[in-house]
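Take the position in the sequence shown, starting the count at 1, then add 3; the result is the number in the working numbering. Glycine is no exception: its CB is placed at the ideal position from the N, C-alpha and C atoms. Below is one structure, written out as structure tokens; the observations come after it.
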Amino acid sequence: MRIHYHQFRSLPEDHIMNGMVTLHGSIFETSDDLITKMANKPEILIDIAMDDSRVIGYKIGYQLDPDTFYSWLGGVDPVYRKQGIAAELMKRQHQTLKERGYTVVQTKTMNKWRSMLILNIKNGFDVIDTYTDVKGLHKIILEKKL
């Protein structure tokens, strides 16, 4: 197993995009149109972890305003978890954000994604708010100064 990382500032080539969509569907059990949603995000940044040609992890975010970046979606294949892949994707994303002049990164999660909540807190995020969305799901808003 040789994990390698890639970063894209637009939608990646089809085989990588398809791998992301498949992984997203298996993690989040949803078939929402990820590609269309991604295509409409401003200043998108996509970090990918791969094992050979297989997408095993991803982190997607986009600009909220010139100072604030929203770390939107991410996940790691369950087979590859507990190997630091999500932390490495986050580290790479935050390094690029600093280089691009962002001063804040924001994300949202839920209690059911405890490992992501813990990873965010361990990496300097603070809980700044919570709310209940239109579907009745309780969301946690986290923010980190870069």
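Assign residue i to one of two classes, buried (16 or more other C-beta atoms within 10 Å of its C-beta) or exposed (fewer than that).
i	result
A90	exposed
I63	buried
F72	buried
T135	exposed
H97	buried
L26	buried
Please report the straight-line C-alpha distance between residue i and residue j, rounded to a whole angstrom.
i	j	result
K6	M93	The amino acid occupying residue 6 in the given sequence is Ile; Lys does not appear at that position. Going by the C-alpha atoms only, they are around 15 Å apart.
D55	D35	27 Å
T99	E146	17 Å
S13	I47	6 Å
Y83	A52	10 Å
H18	V79	17 Å
Y61	I38	14 Å
DSSP beta-bridge partners for residue i?
i	result
V82	Note: V82 sits in no beta bridge, so no partner.
L76	I63
I143	T112, T133
I88	DSSP, once it has assigned bridges, lists no residue as partnering I88.
Secondary structure at residue i, three-state DSSP: helix, strand or coil?
i	result
L67	coil
F31	helix
T106	coil
G22	helix
D129	strand
R12	coil
K44	coil
D36	coil
K115	helix
M53	strand
K138	coil
L149	coil
Would the stretch 123-140 and the stretch 75-88 be scored as touching if the rule is three or more Cβ pairs under 8 Å?
-> As far as the Cβ criterion goes, the stretch 123-140 does not touch the stretch 75-88, which means the pair count is below three.
Taking one C-beta from the stretch 67-75 and one from the stretch 4-22 each time, how about it: are there three or more such pairs within less than 8 Å?
-> No, they do not touch.
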